[in-house]
Amino acid sequence: MELINLLPQAVIEIQFDGTLLFANWHSRKLFGYSIDDDVVGKVNVFQHVIPEDRERIADGIGKMAAGKNGRPPEITAVRKDGSTFPAIVYANLIMTSGNPVGVRVIVADISDKKEIEEAYKALVDHSLQGLVIVQDGRFVFVNDFFVRNCGFTREELLALPFDDMWQMIHPEDRELVMNMHKNLLTGAMTKAPVIEYRVFVKGHEGLEMRWVSDYGTRIEYRGRPAVQTALVDITERKLSEMAILESERRYRDLAELLPQGVFEADMKGRIIYVNRSVLDMFGIVSGDFGADTMIADTLVLKDRDRAERGVKRVLAGEKVMAGEYTCVRKDGTTFPAMILANAIIKDGKPDGIRGVIVDITVRKEMNRKLEESEARYRTLFNSTGTATVLSDEDMNIVLANQNFYRLSGYSTDTELKFTDLIHSDDLNFMVDCHRRRRIDPGSVPRSYEFRFRRADGAIRNAFLTVGMIPGTKRSVASIIDITELKQAQEELRKKTFSLEEANSALRVLLKQRDEDKADLEKNILTNLKEVVLPFLDKLKVQNLNASQLNILAVIEENLKEIMSPFLKNISYNYARLTPREIEILLLVKEGRSTKEISRIIHTSERTIDFQRNSIRKKLGISNSKVNLRTFIMNKEGSL
-13 MELINLLPQA VIEIQFDGTL LFANWHSRKL FGYSIDDDVV GKVNVFQHVI
37 PEDRERIADG IGKMAAGKNG RPPEITAVRK DGSTFPAIVY ANLIMTSGNP
87 VGVRVIVADI SDKKEIEEAY KALVDHSLQG LVIVQDGRFV FVNDFFVRNC
137 GFTREELLAL PFDDMWQMIH PEDRELVMNM HKNLLTGAMT KAPVIEYRVF
187 VKGHEGLEMR WVSDYGTRIE YRGRPAVQTA LVDITERKLS EMAILESERR
237 YRDLAELLPQ GVFEADMKGR IIYVNRSVLD MFGIVSGDFG ADTMIADTLV
287 LKDRDRAERG VKRVLAGEKV MAGEYTCVRK DGTTFPAMIL ANAIIKDGKP
337 DGIRGVIVDI TVRKEMNRKL EESEARYRTL FNSTGTATVL SDEDMNIVLA
387 NQNFYRLSGY STDTELKFTD LIHSDDLNFM VDCHRRRRID PGSVPRSYEF
437 RFRRADGAIR NAFLTVGMIP GTKRSVASII DITELKQAQE ELRKKTFSLE
487 EANSALRVLL KQRDEDKADL EKNILTNLKE VVLPFLDKLK VQNLNASQLN
537 ILAVIEENLK EIMSPFLKNI SYNYARLTPR EIEILLLVKE GRSTKEISRI
587 IHTSERTIDF QRNSIRKKLG ISNSKVNLRT FIMNKEGSL
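Per our numbering, the sequence shown starts with residue -13, numbered consecutively.
Take a look at the structure:
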């Protein structure tokens, strides 16, 4: 017993009912007793175990008595002062004469071990990774993080049957994961390579798919092989990777559609990608550039060093490489191209270059033709017979020909605005036209006169014609000095005025002559009709012989001949008119109004209207809307 008292473990012996038979010194100290305390036969050891563990201890002792070995139980022991500590109990039977009479127990305080286990459990439960142990195709351990993120309860996970557990893995990835577990459990590997696969978790709207990264290791769990796995949710990363891949695919698809050439090269300038347009430019019908084709290899010799320096500058941090180069096609012919490129950045560092190549053959030809056209334009501009200027949006004169400088009196090196040439009274109008012309050219006049101010201050009259240059904010204007023309126009105006005055006087005289002539004709006709002819009619009814009648006829014929110049060969219809009606008819023919006729022959207007209606009846136009004067003029001509 002395030896047992010296052991560092707590050793006690008890009866099957728990009565204490022996306790060494260490056990007394462990449970809070002194060496001198009288405890043998007076203390029931079961009282030093928490109630929840007593039945398990009693059951274990019963199994030992029956000859069955079990796993040493872990219990919570209770000291004399009521405090508790975790302990593991190792027990065997005390045999006397071949019969069990009690139990010898070694009690080990495992407080330190429990603290380590609790710390490890806390670490596992608070891990930002899902930690699981799979044994026999089922979950036997899942940490809190895994439970929170998979959407199932711990109880549901631990109760999942073999097949249901594998259903949590995407069908396309299931075989990969099952093979990894098989290789670990069979010993083909002890630590699996990291694999990535898809799993299903519970979400707000049913099952959701997530991507995980699996770090699997073979372990012994409760004496048997198992697979411990750390799972990291990599869904966001995978989505980003897929988005990048999709973006890259769209970029490639778009690049293939572009009419411009698109290329990529590595850090050494080796071409690693070109689109269809590049192949077409270089005359490559099928295949691609060679595997080791450098950017410089596609250029003529004199451009290669410059291109290589440009690539190095871009990779060293220069923003853009840009320049014109001469490229060499597959058949050896060349073409001019504009190349623009910048660095491909990955993880914050240059990883190559990406660029655009544009065949500028057409542009070069257009530039050549444009230069020729510009030369012709300048020749024409300077050769035109009028002062011609080109103005920008701010009315600065950007180009002028020699005629302009001769007209304005300024030297060719003088910087001018068009406003310097405008008289102050015309300035607002012309500035407004200049502004509106750039908005809507049709809203302002294209040509107008203004007063032109020369360098010496002299004011000249000028005629301006201006138009916009298509596609620009610039306008071109021609200026003609019309000072002498304006002076000549003024002289002509004055002479015209004098002539008009003379014409007015002549018209008055002619009018008076016409009136006198009309009066004379009227008097002659009236006298003949009213005085002479009536007497001839009376003579006809007298008893005249044939000779007398012949004489009378000759007289009448001669009188009518005398009247004919005044009547202007009046038709036979007019013979039915009375002398007064003929008089009125002649005045109507002159364009006289009813009022004027009334005044001339001293008769009321009403009478004149009556006689006009009578005339219309006799002429057969009473029911017609035709104008009386127009009718007479058309039929006989003007008197």
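Here a beta-carbon is modelled for each residue, glycine too, at the ideal position from N, C-alpha and C. Keep in mind the model is a prediction, meaning the values are calculated, not measured.
For Y396, the three-state secondary structure derived from DSSP is coil. If you draw a straight line from the Cα of L478 to the Cα of T469, it is about 14 angstroms long. Excluding sequence positions up to five before and after T279, its CB lies within less than 8 angstroms of the CB of R256 and I257, all in the same chain and listed in chain order. Note on M307: 16 or more other CB atoms within 10 angstroms of its CB, so buried under the neighbour-count rule. Cβ contact annotation for R423 (same chain, cutoff 6 angstroms, sequence separation greater than five): V430, in chain order.
Taking the C-beta atoms as reference points, A251 is found nearer than 7 angstroms to I281. A contact is defined here as three or more CB-CB pairs under 8 angstroms, and the region 292 to 310 meets this definition with respect to the region 323 to 336. Per DSSP, reduced to three states, the secondary structure at L572 is helical. Note on geometry: alpha-carbon atoms of D333 and N135 lie some 30 angstroms from one another.
Check the Cα spacing between K524 and each of I510, A539, L511 and T512: the tightest is with A539. By the neighbour-count definition (other C-beta atoms within 10 Å, threshold 16), T215 is a buried residue. Straight across, the Cα-Cα distance linking I455 with I346 is about 26 angstroms. Boundaries for T512: no beta strand (DSSP E) harbours it, while the alpha helix (DSSP H) harbouring it runs T469 to T512, taken from the DSSP string. Cβ neighbours of N169 within its own chain (closer than 8 angstroms, five residues either side excluded): M175 and A178. Around the Cβ of Y237, a 10 Å sphere holds fewer than 16 other Cβ atoms; the residue is exposed. In the three-state reduction of the DSSP assignment, I343 falls in the strand class, which pools E and B. Per DSSP, reduced to three states, the secondary structure at S377 is strand. The residues H409, D412 and I445, in chain order, have a CB closer than 6 angstroms to that of R437 in the same chain once the five nearest residues on each side in sequence are set aside. Under the DSSP assignment, A229 falls in the alpha helix (DSSP H) whose first and last residues are T221 to L243. Looking at K604, F521, R578 and S590, the one whose alpha-carbon comes closest to that of R562 is K604. Spanning the alpha carbons of R493 and L545 requires a straight line of approximately 34 angstroms. Secondary structure note for Q597: its alpha helix (DSSP H) is the uninterrupted segment E591 to L605. Rounded to whole angstroms, K224 and K355 show a C-alpha spacing of 55 angstroms. With 16 or more neighbouring CB atoms inside 10 Å of its own CB, D289 falls in the buried class. In the DSSP assignment, the residues bridged to S461 are S377 and M454. C-alpha of E141 to C-alpha of A329: approximately 55 angstroms in a straight line.
Where Q153 is concerned, the enclosing alpha helix (DSSP H) starts and stops at F148 to Q153. For the 7 angstroms CB-CB criterion, E242 and N261 form a contact. Counted as a single uninterrupted DSSP element, the stretch harbouring M307 is not any alpha helix (DSSP H) but the beta strand (DSSP E) occupying residues M307 to V314. DSSP, read as helix, strand or coil, puts K611 in coil. In this structure R598 touches I570 by the C-beta definition: roughly 7 angstroms separates them, less than 8 angstroms. Sequence-distant partners of K581 (beyond 5 residues in either direction) whose C-beta falls short of 7 angstroms from its own C-beta, in its chain, are E591. Residue state for P(-6) is assigned as coil, using DSSP reduced to three classes.
Non-local beta-carbon contacts of Y259 in its own chain, meaning distances under 6 angstroms to residues more than five positions away in sequence, involve E250 in chain order. Comparing alpha carbon positions, the residue from D317, R210 and D283 closest to Y311 is D283. Taking all protein chains shown into account, V(-3) has 16 or more neighbouring C-beta atoms within 10 Å of its C-beta and is therefore buried.
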